[in-house]
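**Student:** Below are the structure tokens for one structure; questions will follow.
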Amino acid sequence: MEFYLQYSTWGLEPDFEDSKMRSVFALTLACFLPGVVAVNGVSNDPTIFGNNFNFWKKLSSGWDLTRGDSAGAITLPMPENGPITIQPNKSALVIIDMQNFFLHESLNGDPKGRAIVPATVNLIHAFRAAKMPVIWTNWGLTEFDLVNMPPAFINGFTSSSSSQSSFGSDMGTIVVPSSDHSIPATATTKGGNTTVAVGRKLVRGSWNAQPWGALLDEQLSGVAKGTDFYFNKNRLSGMWGPGTPMQTFLQDNSMTTLFFGGVNIDQCVWGTLLDSYYKGYDVILVDDVSATTSPIGATQMVDFNAGLNGWRANSTDFIAALKAAAKH
Ligand SMILES: *[C@@H]1O[C@H](CO)[C@@H](O)[C@H](O)[C@H]1NC(C)=O
Ligand SMILES: *[C@@H]1O[C@H](CO)[C@@H](O)[C@H](O)[C@H]1NC(C)=O
Ligand SMILES: *[C@@H]1O[C@H](CO)[C@@H](O)[C@H](O)[C@H]1NC(C)=O
1 MEFYLQYSTW
11 GLEPDFEDSK
21 MRSVFALTLA
31 CFLPGVVAVN
41 GVSNDPTIFG
51 NNFNFWKKLS
61 SGWDLTRGDS
71 AGAITLPMPE
81 NGPITIQPNK
91 SALVIIDMQN
101 FFLHESLNGD
111 PKGRAIVPAT
121 VNLIHAFRAA
131 KMPVIWTNWG
141 LTEFDLVNMP
151 PAFINGFTSS
161 SSSQSSFGSD
171 MGTIVVPSSD
181 HSIPATATTK
191 GGNTTVAVGR
201 KLVRGSWNAQ
211 PWGALLDEQL
221 SGVAKGTDFY
231 FNKNRLSGMW
241 GPGTPMQTFL
251 QDNSMTTLFF
261 GGVNIDQCVW
271 GTLLDSYYKG
281 YDVILVDDVS
291 ATTSPIGATQ
301 MVDFNAGLNG
311 WRANSTDFIA
321 ALKAAAKH
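Going by full-length UniProt numbering, the first residue of the sequence shown is number 1, and it counts up by one from there.
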């Protein structure tokens with residue numbers, strides 16, 4: 001009788017004969033109640049996008065992405081398609097490839113990538129203060145990864161025409177100031193020089209695979225405190241294939257909503273964002289903590305599509321709301 005009561009309350013046809021079906025529906029309704037549920041389990045409330053377990057709710061302005069877990073939810077302004085209401089403990093900042101290999105001046109790294117580091121550090125601090133996890137995913141190859149690396153990737157990461165200059169090759173040494181390993185030594189460098197072994201190209205544990213500049217301490221201290229999590233990757237995307245360490249972490253911890261930054265916006269950031277989108281995560285591209293060495297058209301393509309797949313914003317659009325949330 002109880003089941004029939006619920007059916008009529010929620011507008012369902014009271015013509016199910018199968019008692020198993022009835023209990024499944026009653027259980028589902030009791031748990032979430034995001035709207036009227038049709039026979040196939042998909043809501044027919046026009047403001048609900050998805051099923052009982054995984055849905056967005058369209059609000060009069062913007063979206064509720066909390067999937068019914070609204071305790072402690074926060075609302076962030078977005079320049080387009082927003083604002084978004086998110087569940088802080090299901091939402092993470094993903095920082096991609098901000099490594100010496102891609103950023104250090106002595107390794108021909110990208111000055112635009114170095115320029116976004118202060119904004120990146122600010123955003124990391126704001127996520128931590130709001131008790132939202134920070135995820136680092138970087139190239140960090142094993143011997144097994146080197147054996148399994150496809151020819152196209154080996155070719156893409158050579159520094160000469162030789163395959164022996166690609167992943168895993170010894171990158172030699174560089175000279176840096178003893179006081180600051182994130183910049184090259186010059187004739188006017190104060191306080192003496194140090195020679196650094198750059199290590200094997202993008203191999204796990206090598207100096208070139210470490211985060212650049214201030215980000216190294218951020219990553220090490222964040223991981224030590226348990227606010228941050230670090231995952232090696234072996235392709236441009238940190239979310240490719242049937243599963244990666246990062247994807248396993250997201251699944252095990254019921255994450256739903258991901259903010260992306262790093263380098264290059266059109267390669268590793270885009271690859272990771274797109275795979276996350278394919279796998280059902282909510283994706284937000286953060287423009288001012290992303291950069292690239294590619295021509296402008298590459299960024300325009302990413303910006304255009306990221307706006308269709310989810311949201312695009314600058315950290316300056318929502319960092320004040322994160323900081324306000326941290327005070328509560
Ligand atoms: C997430 O945060 C909410 C609100 O603070 C809390 O009720 C809930 O227990 C948290 N969930 C987890 C898995 O930490
Ligand atoms: C430090 O290295 C730079 C660049 O190689 C060089 O010009 C400079 O003379 C070095 N300084 C010292 C004190 O050795
Ligand atoms: C971020 O800021 C830049 C510079 O002001 C601007 O060109 C860009 O459109 C902004 N991005 C978004 C998503 O609003």
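We put the beta carbon where it would ideally sit given N, CA and C, even for glycine. These numbers were taken from a predicted model, which means no experiment stands behind them.
#1: So, for F231: in the same chain, excluding its five sequence neighbours on each side, which residues have a beta-carbon less than 6 Å away from its beta-carbon?
#2: So what does DSSP say about S106, is it helix, strand or coil?
#3: Where do the N-terminal and C-terminal ends of the beta strand (DSSP E) with V147 fall, by residue?
#4: Are the stretch 173 to 187 and the stretch 146 to 161 touching, with three or more C-beta to C-beta distances below 8 Å?
#5: How should I84 be labelled, buried or exposed, when 16 other C-beta atoms within 10 angstroms of its C-beta is the threshold for buried?
#6: I need the DSSP call for N232, collapsed to helix, strand or coil.
#7: Evaluate contact between the stretch 97 to 104 and the stretch 46 to 63, counting only Cβ atoms and requiring at least three cross-stretch pairs below 8 Å.
#8: May I ask you to report which of helix, strand or coil DSSP gives S43?
#9: Using three-state DSSP, classify G222 as helix, strand or coil.
#10: Look at the alpha carbon of R204 and the alpha carbon of G168, and state the distance between them as a whole number of angstroms.
#11: Measuring from the CB of P79, is there a heavy atom of ligand 3 at a distance below 7 Å?
#12: According to DSSP, simplified to helix, strand and coil, what is A130?
#13: Quick one: what does DSSP say V201 is sitting in, helix, strand or coil?
#14: Just to confirm, does A197 get its C-beta within under 7 Å of one of the non-hydrogen atoms of ligand 2?
#15: Look at the Cβ atom of A119, then the Cβ atom of V289, and state whether they are nearer than 8 Å.
#16: Do you know offhand how far S161's Cα is from M171's?
#17: Consult DSSP for residue 331 and reduce its assignment to one of helix, strand or coil.
#18: Under 6 Å from any heavy atom of ligand 2, by CB: list those residues in chain order, please.
#19: Can you look up W240 in the DSSP assignment and give me helix, strand or coil?
#20: Would you tell me roughly how many angstroms separate the C-alpha atoms of L76 and A321, rounded to the nearest one?
#21: Indicate whether R65 and D282 have their beta-carbon atoms separated by less than 8 Å.
#22: Below 8 Å between beta carbons: does that hold for V286 and F259?
#23: What is the DSSP secondary structure of I183, counted as helix, strand or coil?
#24: Would you call N264 buried or exposed, if buried means 16 or more other Cβ atoms sit within 10 Å of its Cβ?
#25: Beta strand (DSSP E) containing I48: first to last residue?
#26: Identify the residues that DSSP records as bridge partners of W63: which are they?
#27: Whole angstroms are fine: how far does the CA of F55 sit from the CA of A92?
#28: Nearest to K112 by CA position, among I319, T299, W311 and V42, is which residue?
#29: Check the C-beta distance from N218 over to I116 and give it rounded, since I have them as a contact under 8 Å.
#30: Candidates G109, A325 and M78: which alpha carbon is nearest G310's?
**Tutor:** In short:
#1: T137, P245 and M246
#2: helix
#3: Not the beta strand (DSSP E): V147 falls in the alpha helix (DSSP H), residues E143 to V147.
#4: no
#5: Buried.
#6: Residue state, collapsed to three classes: strand.
#7: no
#8: Correct three-state label for S43: strand.
#9: helix
#10: Straight-line Cα distance between these residues: approximately 10 Å.
#11: yes
#12: coil
#13: Residue 201 is actually Lys in this sequence, not Val. Coil at K201, not helix or strand.
#14: no
#15: yes
#16: Looking at the backbone, the Cα of S161 and that of M171 are separated by about 15 Å.
#17: As shown, the chain starts at 1 and ends at 328. That puts residue 331 outside it, with no answer to give.
#18: V175, A185, T186, A187, T189, G192 and N193
#19: coil
#20: 6 Å
#21: A quick correction: the sequence has Leu, not Arg, at residue 65. It is a contact, given that the beta carbons lie within the stated cut-off.
#22: yes
#23: I183 falls in the coil class under three-state DSSP.
#24: buried
#25: I48 to G50
#26: K58 and I84
#27: 18 Å
#28: T299
#29: Here the sequence assigns Glu to residue 218, which means Asn is not the residue at that position. At roughly 13 Å, the Cβ-Cβ gap does not stay under 8 Å, so E218 and I116 are not in contact.
#30: M78
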